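*Asks:* Input: one structure, supplied below.
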Amino acid sequence: MKKTGKILSLIAVATVVAFFAVIGRADVGEPGSSSDPLVTKSYVDMMFGKIQQYLDSERGSSAELKVVSLSPGQQLVGDMGTEIILRSGKAVVLDGAGGGLSDVTDGKDLKKDEVVPANHLLIVPRDDGRGIVAQTNVVVMVRGDFTVGR
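Residues in the sequence shown are numbered consecutively from 823, following my numbering.
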């Protein structure tokens, strides 16, 4: 008798637990369905518009690398944030009032008349006349605004 009572009690408890589990599950919509969407269409449309606007703004001319050839003695002066990579030839640093160019490849500051290392990323930190002077025929890749002169 005791064994049968324990079995019936266990079945009753299991039935009650299963009942509440089914009721609790029935209250929640199916994830991803129209009653419980993962995200709304208006949210997706809004985010897509923001992403498209960001991508369009980054496609300006300053986001592109330009290949520039310099003759001996020519100067390339970059505006603030201009990136310069020497691809061939020999050039030296043209410094401004505040110093030289940032060589982010080696993590150092290049001072006036230092030789520009080939294939190093140089950044013009300020808009004060910094750049490079070609010693031989030079080819550089430049991203940002710059001027070429003597």
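Glycine residues also receive a C-beta, built at the ideal position from the N, C-alpha and C atoms. Note that this is a predicted model, so its numbers are computed, not measured.
Got a sec, what are the start and stop residues for the beta strand (DSSP E) Val914 sits in?
*Replies:* Run containing Val914: Ala913 to Leu916, per the beta strand (DSSP E) assignment.
*Asks:* Taking 8 Å as the CB-CB cut-off, is Ala919 touching chain C?
*Replies:* Of the chains in the structure shown, none is chain C; there is only one protein chain.
*Asks:* Is the distance from the Cβ of Asp950 to the Cβ of Gly911 below 8 Å?
*Replies:* Not closer than 8 Å, so no.
*Asks:* Under 8 Å between the Cβ atoms of Arg955 and Leu916?
*Replies:* Looking at the sequence shown, residue 955 is not Arg but Val. Yes, the pair counts as a contact, with Cβ atoms nearer than the cut-off.
*Asks:* Hey, would you say Val946 sits closer than 8 Å to Gly900, going by beta carbons?
*Replies:* Closer than 8 Å, so yes.
*Asks:* Check whether the Cβ atoms of Leu943 and Thr927 lie closer than 8 Å to each other.
*Replies:* Yes, these two residues count as a Cβ contact at 8 Å.
*Asks:* Going straight from the alpha carbon of Val962 to that of Gln875, what length do you get?
*Replies:* Their backbone Cα atoms lie some 31 Å apart in a straight line.
*Asks:* How many angstroms separate the CA atom of Leu898 from the CA atom of Lys872?
*Replies:* Distance between the alpha carbons of Leu898 and Lys872 is about 36 Å.
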